[in-house]
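What follows is a set of notes on a single structure, which appears directly below.
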Amino acid sequence: MRPIKLSMTAFGPFVDTQTIDFEALGEKPLFLINGATGSGKTTILDGICFALYGQTTGKEREAGQMRCDYADDKKLTAVEFEFELADTCYRIKRIPEQQRAKAKGEGTTRQAAEAQLYRLDGDDEILLVARKVSDATKEIENLTGLQVDQFRQVMVLPQGQFRRLLMADSKDRESIFSQLFETHIYKRIEDKLKAQAKKVYIEVAKLRDNQQGVLDSAGVESVDQLMQMINTLKPECKQAAQQAEAHDKQYVALLKGFEKATALATEFDQLQKQQHQLELLEQQKEAIQGNKDQLSKAELALKISPCYNDLTRLRTS
14 MRPIKLSMTA FGPFVDTQTI DFEALGEKPL FLINGATGSG KTTILDGICF
64 ALYGQTTGKE REAGQMRCDY ADDKKLTAVE FEFELADTCY RIKRIPEQQR
114 AKAKGEGTTR QAAEAQLYRL DGDDEILLVA RKVSDATKEI ENLTGLQVDQ
164 FRQVMVLPQG QFRRLLMADS KDRESIFSQL FETHIYKRIE DKLKAQAKKV
214 YIEVAKLRDN QQGVLDSAGV ESVDQLMQMI NTLKPECKQA AQQAEAHDKQ
264 YVALLKGFEK ATALATEFDQ LQKQQHQLEL LEQQKEAIQG NKDQLSKAEL
314 ALKISPCYND LTRLRTS
(Lines of atoms letter the chains of each structure in order from A and count residues from 1; the text may use other names and numbers.)
(Lines give C-alpha, C1' and ligand atoms only; values in the text may rest on other atoms or scores of the structure.)
Protein backbone atom coordinates (compact mmCIF):
# COMPACT_ATOMS: atom_id res chain seq x y z
CA MET A 1 0.00 0.00 0.00
CA ARG A 2 1.27 3.47 -0.93
CA PRO A 3 -0.41 6.48 0.76
CA ILE A 4 -1.27 9.35 -1.58
CA LYS A 5 -3.27 11.89 0.41
CA LEU A 6 -4.77 12.10 3.91
CA SER A 7 -7.29 14.74 5.01
CA MET A 8 -8.55 15.03 8.60
CA THR A 9 -11.24 17.42 9.82
CA ALA A 10 -11.97 17.98 13.53
CA PHE A 11 -10.00 14.82 14.19
CA GLY A 12 -7.74 14.44 17.23
CA PRO A 13 -5.92 17.70 17.99
CA PHE A 14 -6.76 19.15 14.55
CA VAL A 15 -9.66 21.61 14.67
CA ASP A 16 -9.61 22.52 11.00
CA THR A 17 -9.00 20.35 7.97
CA GLN A 18 -5.41 19.16 7.76
CA THR A 19 -4.24 17.59 4.49
CA ILE A 20 -1.03 15.64 4.04
CA ASP A 21 0.08 15.13 0.44
CA PHE A 22 2.38 12.12 0.52
CA GLU A 23 3.18 12.55 -3.17
CA ALA A 24 5.10 15.71 -2.22
CA LEU A 25 7.72 13.36 -0.78
CA GLY A 26 8.50 12.16 -4.30
CA GLU A 27 9.94 8.70 -4.74
CA LYS A 28 11.60 8.61 -1.33
CA PRO A 29 10.77 5.23 0.23
CA LEU A 30 11.46 6.41 3.79
CA PHE A 31 10.35 9.53 5.66
CA LEU A 32 10.22 10.62 9.29
CA ILE A 33 7.18 11.86 11.19
CA ASN A 34 8.73 14.18 13.78
CA GLY A 35 7.31 16.63 16.28
CA ALA A 36 6.80 17.49 19.92
CA THR A 37 4.70 15.34 22.20
CA GLY A 38 1.02 15.97 21.57
CA SER A 39 1.58 17.60 18.19
CA GLY A 40 -0.39 14.91 16.35
CA LYS A 41 2.18 12.40 15.07
CA THR A 42 0.18 9.38 16.19
CA THR A 43 -3.00 11.08 14.97
CA ILE A 44 -1.71 10.80 11.40
CA LEU A 45 -1.43 7.03 11.81
CA ASP A 46 -4.78 6.97 13.63
CA GLY A 47 -6.31 8.83 10.68
CA ILE A 48 -5.03 6.25 8.18
CA CYS A 49 -6.20 3.34 10.32
CA PHE A 50 -9.57 4.97 11.03
CA ALA A 51 -10.19 5.75 7.36
CA LEU A 52 -9.53 2.13 6.43
CA TYR A 53 -11.11 0.22 9.31
CA GLY A 54 -13.10 2.70 11.41
CA GLN A 55 -10.73 2.15 14.36
CA THR A 56 -7.56 3.81 15.63
CA THR A 57 -4.07 2.33 15.91
CA GLY A 58 -4.45 1.70 19.64
CA LYS A 59 -7.24 0.09 21.60
CA GLU A 60 -6.76 2.77 24.27
CA ARG A 61 -8.32 5.32 21.86
CA GLU A 62 -11.82 4.56 20.59
CA ALA A 63 -12.88 6.01 17.24
CA GLY A 64 -15.69 7.94 18.94
CA GLN A 65 -13.14 9.68 21.15
CA MET A 66 -11.17 11.11 18.22
CA ARG A 67 -13.45 14.11 17.65
CA CYS A 68 -11.62 17.31 18.47
CA ASP A 69 -12.97 18.83 21.68
CA TYR A 70 -12.43 22.34 20.29
CA ALA A 71 -14.33 21.81 17.04
CA ASP A 72 -17.56 23.68 16.41
CA ASP A 73 -20.76 21.59 16.50
CA LYS A 74 -21.43 22.56 12.90
CA LYS A 75 -18.17 20.97 11.75
CA LEU A 76 -18.31 17.21 11.23
CA THR A 77 -15.40 15.00 12.16
CA ALA A 78 -14.30 13.22 8.99
CA VAL A 79 -11.24 11.50 7.58
CA GLU A 80 -10.52 10.98 3.89
CA PHE A 81 -7.67 8.77 2.70
CA GLU A 82 -6.45 8.19 -0.83
CA PHE A 83 -4.04 5.31 -1.45
CA GLU A 84 -2.64 3.02 -4.13
CA LEU A 85 -2.82 -0.76 -3.86
CA ALA A 86 -1.66 -3.19 -6.56
CA ASP A 87 -1.47 -0.41 -9.21
CA THR A 88 -5.06 0.67 -8.42
CA CYS A 89 -5.99 3.86 -6.58
CA TYR A 90 -8.79 4.08 -4.01
CA ARG A 91 -10.33 6.80 -1.89
CA ILE A 92 -12.23 6.17 1.33
CA LYS A 93 -14.04 8.66 3.53
CA ARG A 94 -15.37 7.94 7.01
CA ILE A 95 -17.50 9.94 9.38
CA PRO A 96 -17.68 8.55 12.94
CA GLU A 97 -20.81 8.61 15.04
CA GLN A 98 -20.99 12.04 16.76
CA GLN A 99 -23.20 14.86 17.90
CA ARG A 100 -23.65 17.66 15.38
CA ALA A 101 -25.62 20.87 15.25
CA LYS A 102 -29.21 20.54 14.09
CA ALA A 103 -29.94 21.79 10.59
CA LYS A 104 -32.83 23.80 11.99
CA GLY A 105 -33.21 25.19 15.45
CA GLU A 106 -30.83 24.97 18.34
CA GLY A 107 -29.12 22.04 20.00
CA THR A 108 -27.46 18.95 18.56
CA THR A 109 -28.55 15.68 17.05
CA ARG A 110 -26.92 12.32 16.53
CA GLN A 111 -24.93 11.86 13.34
CA ALA A 112 -24.71 8.19 12.36
CA ALA A 113 -21.42 6.73 11.18
CA GLU A 114 -20.92 6.67 7.40
CA ALA A 115 -18.34 5.42 4.94
CA GLN A 116 -17.86 5.80 1.18
CA LEU A 117 -15.31 3.84 -0.83
CA TYR A 118 -14.34 4.70 -4.41
CA ARG A 119 -12.05 3.13 -6.97
CA LEU A 120 -10.25 5.81 -8.97
CA ASP A 121 -9.81 5.30 -12.69
CA GLY A 122 -8.20 8.43 -14.11
CA ASP A 123 -10.71 11.22 -13.64
CA ASP A 124 -13.54 8.76 -12.97
CA GLU A 125 -14.65 7.66 -9.51
CA ILE A 126 -16.39 4.29 -9.26
CA LEU A 127 -18.48 4.00 -6.10
CA LEU A 128 -17.87 0.66 -4.36
CA VAL A 129 -19.61 1.33 -1.02
CA ALA A 130 -22.20 4.11 -0.67
CA ARG A 131 -22.79 4.43 3.08
CA LYS A 132 -22.66 1.27 5.21
CA VAL A 133 -19.53 1.21 7.36
CA SER A 134 -19.44 -2.58 7.75
CA ASP A 135 -19.47 -3.05 3.97
CA ALA A 136 -16.60 -0.57 3.60
CA THR A 137 -14.55 -2.37 6.27
CA LYS A 138 -15.19 -5.75 4.66
CA GLU A 139 -14.14 -4.43 1.25
CA ILE A 140 -10.93 -2.95 2.72
CA GLU A 141 -10.15 -6.31 4.37
CA ASN A 142 -10.60 -8.02 1.00
CA LEU A 143 -8.33 -5.49 -0.71
CA THR A 144 -5.53 -5.48 1.86
CA GLY A 145 -5.85 -9.08 3.02
CA LEU A 146 -5.55 -7.81 6.60
CA GLN A 147 -7.95 -7.29 9.46
CA VAL A 148 -7.57 -4.27 11.70
CA ASP A 149 -5.54 -6.06 14.40
CA GLN A 150 -3.14 -7.42 11.78
CA PHE A 151 -2.91 -3.99 10.13
CA ARG A 152 -2.02 -2.47 13.51
CA GLN A 153 0.74 -5.01 14.11
CA VAL A 154 2.25 -5.08 10.63
CA MET A 155 1.51 -1.88 8.72
CA VAL A 156 1.06 0.77 11.43
CA LEU A 157 3.34 0.44 14.47
CA PRO A 158 3.46 3.80 16.30
CA GLN A 159 5.70 4.66 19.25
CA GLY A 160 7.77 1.51 19.40
CA GLN A 161 4.85 -0.95 19.28
CA PHE A 162 6.79 -3.16 16.83
CA ARG A 163 7.56 -5.27 19.89
CA ARG A 164 3.90 -6.39 19.85
CA LEU A 165 4.61 -8.37 16.69
CA LEU A 166 7.83 -9.75 18.14
CA MET A 167 6.15 -10.67 21.42
CA ALA A 168 2.98 -12.11 19.88
CA ASP A 169 2.43 -15.81 20.44
CA SER A 170 3.16 -18.26 17.64
CA LYS A 171 -0.51 -18.63 16.67
CA ASP A 172 -0.95 -14.85 16.17
CA ARG A 173 2.32 -14.55 14.23
CA GLU A 174 1.33 -17.50 12.06
CA SER A 175 -1.98 -15.81 11.25
CA ILE A 176 -0.25 -12.49 10.44
CA PHE A 177 2.45 -13.98 8.23
CA SER A 178 -0.10 -16.22 6.54
CA GLN A 179 -2.02 -13.12 5.45
CA LEU A 180 1.14 -11.24 4.44
CA PHE A 181 2.69 -13.99 2.33
CA GLU A 182 -0.60 -15.57 1.20
CA THR A 183 0.31 -18.96 2.58
CA HIS A 184 -3.39 -19.86 2.49
CA ILE A 185 -2.66 -21.22 -0.99
CA TYR A 186 -0.27 -23.75 0.49
CA LYS A 187 -2.70 -24.41 3.32
CA ARG A 188 -5.34 -25.38 0.76
CA ILE A 189 -2.80 -27.65 -0.95
CA GLU A 190 -1.92 -29.17 2.42
CA ASP A 191 -5.59 -29.72 3.26
CA LYS A 192 -6.20 -31.31 -0.14
CA LEU A 193 -3.21 -33.62 0.28
CA LYS A 194 -4.41 -34.55 3.74
CA ALA A 195 -7.86 -35.36 2.35
CA GLN A 196 -6.32 -37.49 -0.40
CA ALA A 197 -4.04 -39.22 2.11
CA LYS A 198 -7.04 -39.96 4.31
CA LYS A 199 -8.90 -41.41 1.33
CA VAL A 200 -5.90 -43.58 0.42
CA TYR A 201 -5.57 -44.71 4.04
CA ILE A 202 -9.23 -45.79 4.05
CA GLU A 203 -8.78 -47.69 0.78
CA VAL A 204 -5.64 -49.38 2.13
CA ALA A 205 -7.51 -50.35 5.29
CA LYS A 206 -10.28 -51.90 3.18
CA LEU A 207 -7.73 -53.82 1.10
CA ARG A 208 -6.04 -55.06 4.26
CA ASP A 209 -9.39 -56.22 5.63
CA ASN A 210 -10.12 -58.04 2.36
CA GLN A 211 -6.63 -59.58 2.41
CA GLN A 212 -7.11 -60.76 5.98
CA GLY A 213 -10.47 -62.26 5.02
CA VAL A 214 -8.80 -64.22 2.21
CA LEU A 215 -6.05 -65.45 4.56
CA ASP A 216 -8.62 -66.48 7.18
CA SER A 217 -10.72 -68.37 4.63
CA ALA A 218 -7.58 -70.18 3.41
CA GLY A 219 -6.55 -71.03 6.95
CA VAL A 220 -3.15 -69.35 6.73
CA GLU A 221 -1.55 -66.47 8.60
CA SER A 222 0.52 -64.71 5.94
CA VAL A 223 0.72 -63.99 2.23
CA ASP A 224 3.84 -66.17 1.98
CA GLN A 225 1.94 -69.15 3.38
CA LEU A 226 -0.87 -68.46 0.95
CA MET A 227 1.59 -68.41 -1.97
CA GLN A 228 3.06 -71.74 -0.81
CA MET A 229 -0.43 -73.21 -0.68
CA ILE A 230 -1.15 -71.90 -4.17
CA ASN A 231 2.08 -73.40 -5.53
CA THR A 232 1.20 -76.72 -3.89
CA LEU A 233 -2.30 -76.70 -5.35
CA LYS A 234 -1.23 -75.70 -8.87
CA PRO A 235 -0.66 -79.34 -10.08
CA GLU A 236 -3.97 -80.41 -8.57
CA CYS A 237 -5.67 -77.44 -10.19
CA LYS A 238 -4.12 -78.37 -13.55
CA GLN A 239 -5.31 -81.97 -13.21
CA ALA A 240 -8.75 -80.81 -12.14
CA ALA A 241 -8.88 -78.49 -15.14
CA GLN A 242 -8.01 -81.38 -17.47
CA GLN A 243 -10.68 -83.55 -15.87
CA ALA A 244 -13.17 -80.74 -16.18
CA GLU A 245 -12.29 -80.40 -19.88
CA ALA A 246 -12.79 -84.17 -20.40
CA HIS A 247 -16.10 -84.02 -18.54
CA ASP A 248 -17.16 -81.11 -20.72
CA LYS A 249 -16.41 -83.11 -23.88
CA GLN A 250 -18.28 -86.13 -22.49
CA TYR A 251 -21.19 -83.90 -21.60
CA VAL A 252 -21.29 -82.49 -25.13
CA ALA A 253 -21.27 -86.00 -26.61
CA LEU A 254 -24.04 -87.17 -24.29
CA LEU A 255 -26.03 -84.06 -25.07
CA LYS A 256 -25.80 -84.78 -28.80
CA GLY A 257 -26.87 -88.41 -28.19
CA PHE A 258 -29.76 -87.25 -26.09
CA GLU A 259 -30.85 -84.83 -28.81
CA LYS A 260 -30.73 -87.65 -31.40
CA ALA A 261 -32.65 -89.99 -29.09
CA THR A 262 -35.21 -87.29 -28.48
CA ALA A 263 -35.65 -86.78 -32.23
CA LEU A 264 -35.95 -90.55 -32.76
CA ALA A 265 -38.50 -90.86 -29.97
CA THR A 266 -40.51 -88.07 -31.57
CA GLU A 267 -40.46 -89.87 -34.92
CA PHE A 268 -41.46 -93.14 -33.23
CA ASP A 269 -44.43 -91.44 -31.57
CA GLN A 270 -45.52 -90.03 -34.93
CA LEU A 271 -45.19 -93.50 -36.52
CA GLN A 272 -47.36 -95.05 -33.83
CA LYS A 273 -50.01 -92.38 -34.37
CA GLN A 274 -50.01 -93.00 -38.12
CA GLN A 275 -50.25 -96.78 -37.61
CA HIS A 276 -53.20 -96.28 -35.28
CA GLN A 277 -54.93 -94.10 -37.86
CA LEU A 278 -54.25 -96.78 -40.51
CA GLU A 279 -55.84 -99.45 -38.31
CA LEU A 280 -58.90 -97.28 -37.88
CA LEU A 281 -59.13 -96.84 -41.63
CA GLU A 282 -58.84 -100.62 -42.14
CA GLN A 283 -61.66 -101.18 -39.68
CA GLN A 284 -63.83 -98.72 -41.59
CA LYS A 285 -62.97 -100.23 -44.99
CA GLU A 286 -65.89 -102.77 -45.11
CA ALA A 287 -68.39 -100.19 -43.98
CA ILE A 288 -67.10 -97.81 -46.62
CA GLN A 289 -67.38 -100.54 -49.29
CA GLY A 290 -71.01 -101.27 -48.26
CA ASN A 291 -71.76 -97.60 -48.53
CA LYS A 292 -70.22 -97.55 -51.99
CA ASP A 293 -72.47 -100.49 -53.11
CA GLN A 294 -75.57 -98.78 -51.78
CA LEU A 295 -74.51 -95.58 -53.51
CA SER A 296 -74.14 -97.46 -56.86
CA LYS A 297 -77.61 -99.03 -56.48
CA ALA A 298 -79.11 -95.68 -55.60
CA GLU A 299 -77.53 -94.09 -58.65
CA LEU A 300 -78.91 -96.94 -60.88
CA ALA A 301 -82.39 -96.60 -59.35
CA LEU A 302 -82.23 -92.88 -59.95
CA LYS A 303 -81.49 -93.49 -63.63
CA ILE A 304 -84.46 -95.90 -64.22
CA SER A 305 -86.86 -93.94 -62.03
CA PRO A 306 -88.53 -92.07 -65.01
CA CYS A 307 -89.20 -95.33 -66.89
CA TYR A 308 -90.63 -96.93 -63.80
CA ASN A 309 -92.93 -94.01 -63.27
CA ASP A 310 -94.20 -94.17 -66.90
CA LEU A 311 -94.86 -97.93 -66.60
CA THR A 312 -96.78 -97.39 -63.43
CA ARG A 313 -99.05 -94.80 -65.11
CA LEU A 314 -99.75 -97.11 -68.09
CA ARG A 315 -100.86 -99.94 -65.81
CA THR A 316 -103.20 -97.77 -63.90
CA SER A 317 -104.80 -96.38 -67.03
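For any residue, its number in the working numbering is found by taking its place in the sequence shown, counting from 1, and adding 13. Built from N, CA and C at the ideal position, the CB exists for glycine as well. A quick note: this is a predicted structure, and the numbers were derived from the prediction, not measured.
One or two residues paired with residue i in a DSSP bridge
i    : result
Y264 : DSSP lists no partner for Y264.
Y131 : R104, L140
Q31  : M21
P16  : F96
A114 : T121
A91  : T22
R80  : F24
From the options, residue whose alpha carbon lies closest to that of residue i
i    : options                : result
Q166 : G71, N322, K316        : G71
L133 : A99, Q160, R113        : A99
F27  : R74, V92, F44          : V92
D237 : S318, F44, Q224        : Q224
F360 : Q287, L313, F63, F281  : Nothing can be reported for residue 360: it is not among the residues displayed for the chain, which extend from 14 to 330.
Y103 : R113, G135, Q124, R123 : G135
V161 : S188, A143, M180       : S188
G77  : K184, Q241, Q302, R123 : R123
T101 : K251, A125, D137, I317 : D137
Q241 : L228, Q252, A253       : L228
V31  : K41, L19, E40          : In the sequence as displayed, the identity of residue 31 is Gln instead of Val. Q31 has its Cα closest to that of L19, out of K41, L19, E40.
Sub-8 Å separation of residue i and residue j beta-carbons
i    : j    : result
I61  : F94  : yes
A149 : K88  : no
M14  : T157 : yes
F96  : I33  : no
R80  : T90  : yes
L141 : E154 : no
D85  : T121 : no
N220 : A231 : As written in the sequence, residue 220 is Leu, which differs from the Asn given in the question. In this structure, A231 does not lie closer than 8 Å to L220 by Cβ.
L159 : I105 : no
G25  : V146 : no
Exercise for the section: Would you check if there are 3 or more beta carbon pairs closer than 8 Å linking the region 101 to 112 to the region 50 to 61? Expected result: no
Exercise for the section: State whether the region 110 to 127 contacts the region 56 to 63, with contact taken as three or more CB pairs (one from each stretch) at a distance under 8 Å. Expected result: They do not touch, by the three-pair rule.
Practice task
Please confirm if the region 125 to 132 is in contact with the region 40 to 47, defined as three or more CB-CB distances below 8 Å between the two stretches.
Solution key: no
Practice task
Please specify which runs of the alpha helix (DSSP H), each continuous and at least 4 residues long, are wholly inside the region 265 to 329, giving them in chain order.
Solution key: 298 to 329
Practice task
Please go through the region 208 to 232 and give each complete alpha helix (DSSP H) segment of 4 or more residues, from N-terminal end onward.
Solution key: none
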